[in-house]
Structures are given as structure tokens and as C-alpha cells.
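Participant: I'd like to ask you about the structure that follows.
Protein chains in written order, with this note's numbering: chain B, 616 to 733; chain R, 2 to 276.
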């Protein structure tokens, strides 16, 4: 499977919509070896999980105090990075939030930073 | 016979905190950290550190352990995942959502004396009119007030820029340079003579003469890879740079800024990630 195929597979779906084989395939493509590759980073910067403030609060309620998620607003919609799914298996950073992360719908969006102030 | 070099007690404190958090480290890393801390102590810098993040160890869990207020504990990870870190590269921002919250409040480090630094790689040096912050916190009620150390700022031309509390474009220019380098140890702060200055690799590249003031509204805790906006719950102006070490100190002199570069660079070279 390629990153392009992962995009086709995930668009408009949540993690829990995938079969076990599809999840394994996606994990293989997105898993960092020695950190993410530049190709993985470029892909992950474009793919997001659609959330509400309620989802964010629920995720943070499951996590230790030293780990938080915070949404980014793009065109009025709140998102968390889809890369959270790469760190949500047993023993990983966002494992305790896996059930909530698994039901969030994946979407493509491009963050455009505002102009500098002053 | 060669005397066995002892490990610095504060480096051992880091190691214990890493282990408690569930992380691991190599003997090489512990040795390099020990040497760095011992060098900082010998130079009189250690007691000037309100916060210090070596961003080392075998995984993200270890890298998050920072020194603050005399103890080692994890900085708050906001959106970073394991794939964002290797010891060989440091921790990488994404320019859109990821930051560390140091928890540094202004009861610990006064704004008027605060020095900020980051050993950073692949900083933004172009790319339009946006600001990219390495460390900072900004007054949400007045965008010109706060502390910022920027990888890039655009004010007519690309600049690397440091602003401090009360600093304001209508009062005096902040310390800045227009000769941006992508990878460098960037530091800034008051130097004890009423000025504050911006340095790259220990060499002064910008000076501002107006003394900072403390006339700000609410400020959040200092973030790394972004800045807090008004309060600690939000961040903005994220950088996509790699950061390999960061410091928040108090009133480092010009000579101490250069020494901190030398020590920090040696640490990163020892880890095979010097620039």
C-alpha cells in the first residue's frame, strides 16, 4: 500500500471503520522507523481528524497531565493531526485515548498560517 | 591508572526521571549530559537556568524530561507523537499544531530578565509573511507584548527576531537580524546593561536599546515550538524546525551567551547531532 492508497482508504472514514487487515496496512505505511520520513510528514501534515471541543475534552480526560491534545482550526473546522493514530497502540503515547480517536473521521485540509502581527 | 569520571548529580536526576517516566537512555547520552551540566555549573550558568530541555534519550518519553525549578519532570506534550523524535535529529515541530508547554510561569522567571535559546535545525528562513516562534508567550490583549524568540518573522523583510515584555514597534525596534541561517543556536535576552540582544552561535547579531517593562496583561506559560497566546490553554505561530536543546535563563551576559553556545554545541556534537 502507498500513501496515496492510504488517503483513498481513509478519506471520510474513521479508524474503527477499517478492517483488521486495512488497519495493519495503514500502520505499516505510516509507522515511523527512525522517526517519520519526509514523505510521511508531508502526508500527515495534510490529513486530520475532525473533532469537537467535547471530543478534545474527552481525549484529554483519558491522558496523563503531561500529555494533551489541542485542536487546530482550519476554515472554521476543528482538527487534530491524523498522526495521533500512529501512536495509539498498547504502550504508546495516546493509547488511553484510542477508543475516542478511533471514531474520529479523517479529512484532508491545508493549514494556512495567518500573516505576522504588528 | 585513570580516575573514573563521576556522573554529575543533576544528570543522574535526569536519568532517574527518565526511568520513572518509562523511558530509556544510553550511557553515551548520560555521559554527554553530565559533561554539559558540569560545564554549565563551572561557568556559573546552571543556577541561572529557570528551565532547560536537553531533548535527549531513546524515545519521546525520555526527550520530554526537562529541568525546571530545580527538578526534572516532563514538559507537557501538546500533540507530539513518537515519530516526531529521534535522538539523532531532536524533536521536530510541524508548523501547524505541535508544541511543548514548559510550565514556566513568570513567578519563576521574570520577563524583564529572561533569556531564551534553542539549538535549532531547519528553521524557516523564507515563506511569506508569517511568524514562526521557537519559544515564547504573548499577551493576547496586545500582540506587541510578550517574550518571543522567532525562527522567522516578517516585518517588511524576513527577520529572526526577539521581543520582550512591553517591547513595542512604536517605541523601539526589537532585536533582530535579517541574515537568517537555517540551523543555529539562537539565543536572546537582556545582558545586564539595559539592552537586550539576539545571538546566533554565540555571536551577537541584533541589539535593542529599550529596556523591557512589565506592563502586560495575562501571559501564559512559555511554550517551545510556538508561543502561548494570552493564557496557557492556546498556542499559535508554530515552527516546523527541529529543536535539539532549549533553555530559559535569567540575565545572561554577552560572555555567558557565548559560553552557553559552546557548551550546548559540544553536547549536541557528542550526540552526533551538532550543526
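Glycine residues also receive a C-beta, built at the ideal position from the N, C-alpha and C atoms. Here the structure is a predicted model, which is why all the values come from computation and not from measurement.
(1) Residues of chain B with CB closer than 7 Å to the CB of residue 77 of chain R, please, in chain order.
(2) How about residue 85 of chain R: is its C-beta nearer than 8 Å to some C-beta of chain B?
(3) Which residue from R/153, R/229, R/231 and R/260 puts its Cα closest to that of residue 202 of chain R?
(4) Do you know how far the Cα of residue 16 of chain R is from the Cα of residue 31 of chain R?
(5) Does DSSP classify residue 663 of chain B as helix, strand or coil?
(6) I want to verify the contact list: residues of chain R whose CB lies under 9 Å from the CB of residue 730 of chain B, in sequence order.
(7) Along chain B, in chain order, which residues have C-beta atoms closer than 9 Å to that of residue 148 of chain R?
(8) Here's the rule: buried if 16 or more other CB atoms are within 10 angstroms of the residue's CB, otherwise exposed. What is residue 686 of chain B?
(9) Are at least three pairs of beta-carbons, each pair with one atom in the region 227-243 of chain R and one in the region 30-48 of chain R, less than 8 Å apart?
(10) DSSP on residue 47 of chain R, reduced to helix/strand/coil?
(11) Take residue 719 of chain B and list the residues in its own chain whose beta-carbon comes closer than 8 Å to its own, dropping the five residues that flank it on each side.
(12) Quick check on residue 55 of chain R: buried or exposed, where buried means 16 or more other Cβ atoms within 10 Å of its Cβ?
(13) Quick one: which chain R residues come within Cβ less than 9 Å of residue 649 of chain B?
(14) Which residue marks the beginning of the alpha helix (DSSP H) containing residue 249 of chain R, and which one marks its end?
(15) Let me see if you follow: with CB-CB separation under 8 Å, is residue 82 of chain R close to chain B or not?
(16) Could you tell me the boundaries of the alpha helix (DSSP H) in which residue 669 of chain B lies?
(17) Please classify residue 689 of chain B: does DSSP put it in a helix, a strand, or coil?
(18) Which of the three DSSP states, helix, strand or coil, is assigned to residue 73 of chain R?
(19) Is it right to say residue 204 of chain R is buried, meaning 16 or more other beta carbons lie within 10 angstroms of its own, or is it exposed?
Facilitator: Reading it off the structure:
(1) Within chain B, the residues near residue 77 of chain R are 681 and 683.
(2) Residue 85 of chain R counts as touching chain B.
(3) Closest option to residue 202 of chain R, Cα to Cα, is R/260.
(4) Approximately 7 Å, taken between the alpha carbons.
(5) Residue 663 of chain B falls in the strand class under three-state DSSP.
(6) Residues of chain R passing the Cβ test: 129, 130, 131, 132 and 155.
(7) Chain B residues near residue 148 of chain R: none, gap ~15 Å exceeds 9 Å.
(8) Around the C-beta of residue 686 of chain B, 16 or more other C-beta atoms lie within 10 Å, and the residue is accordingly described as buried.
(9) Fewer than three Cβ pairs drawn from the region 227-243 of chain R and the region 30-48 of chain R lie within less than 8 Å of each other, which leaves the two stretches out of contact.
(10) If DSSP states are grouped into helix, strand and coil, residue 47 of chain R belongs with the helices.
(11) Hits under 8 Å: 629, 630, 664, 665, 666, 670 and 695.
(12) Answer is buried; the Cβ neighbour count reaches 16.
(13) Result: 87, 89 and 90.
(14) Note, residue 249 of chain R: premise wrong, no alpha helix (DSSP H); beta strand (DSSP E) at 243-251.
(15) Judged by the 8 Å Cβ criterion, residue 82 of chain R is in contact with chain B.
(16) Note, residue 669 of chain B: alpha helix (DSSP H), 668-677.
(17) Note: residue 689 of chain B maps to strand in three-state DSSP.
(18) Reduced to three states, the DSSP call for residue 73 of chain R is strand.
(19) Looking at its Cβ environment, which holds fewer than 16 other Cβ atoms inside 10 Å, residue 204 of chain R is exposed.
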